[in-house]
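*Asks:*
Pasting the structure below:
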């Protein structure tokens with residue numbers, strides 16, 4: 551995916567997430583500065599609301615997940631940014647990114663899934 555095209559997609563998706571967060575009135579529902587709230591999981595199964603650093607949206611693995619989500623569910627919806635991904639796999643990705651694990655920069659999505667399955671003993 552070209553950088554120009556991807557960055558436009560990211561702006562569009564980030565805006566969806568920010569608009570849903572800005573309507574929240576409770577302090578407990580507020581999102582830390584520099585973070586974004588996302589809905590993770592498949593629509594037909596369990597979903598959770600997670601908070602992540604907004605700059606992670608520029609990571610190639612997250613760009614791929616967002617692209618796949620768009621292909622599966624479309625880009626036009628109201629509410630928080632949605633990511634169609636196994637919840638545990640997504641948390642694993644966030645852990646890799648938050649710890650600065652250098653392997654996350656060299657992985658493609660199939661590598662991430664394989665690494666996750668290996669660590670889980672699947």
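In our numbering, the protein residues as written are 551 to 672. Even glycine gets a Cβ: it sits at the ideal position worked out from N, Cα and C.
(1) How should residue 613 be labelled, buried or exposed, when 16 other C-beta atoms within 10 angstroms of its C-beta is the threshold for buried?
(2) Do the CB positions of residue 587 and residue 630 come within less than 7 Å of each other?
(3) Between residue 611 and residue 643, how many whole angstroms is the CB-CB distance? I'm expecting something under 8 Å.
(4) Contact between the region 632 to 652 and the region 600 to 607: three or more CB pairs below 8 Å?
(5) Applying the 10 Å Cβ sphere with the 16-neighbour rule, what's the burial state of residue 670?
(6) Check this for me: beta carbons of residue 615 and residue 633, under 7 Å apart or not?
(7) If you count every other CB in all the chains shown that lies within 10 Å of the CB of residue 593, and 16 or more means buried, which is it?
(8) According to DSSP, is residue 624 part of a helix, a strand, or is it coil?
(9) Can you name, in chain order, every residue of its own chain whose Cβ lies under 8 Å from the Cβ of residue 584, other than the five neighbours on each side?
(10) For the region 591 to 667, which segments carrying the alpha helix (DSSP H) assignment without a break, of at least 4 residues, lie completely within its bounds, in sequence order?
*Replies:* In brief:
(1) With 16 or more other Cβ atoms within 10 Å, it is buried.
(2) yes
(3) 6 Å
(4) Under the three-pair Cβ rule at 8 Å, the region 632 to 652 counts as touching the region 600 to 607.
(5) Exposed, by the Cβ-count rule.
(6) yes
(7) exposed
(8) coil
(9) 603, 604 and 605
(10) 610 to 623 and 637 to 648
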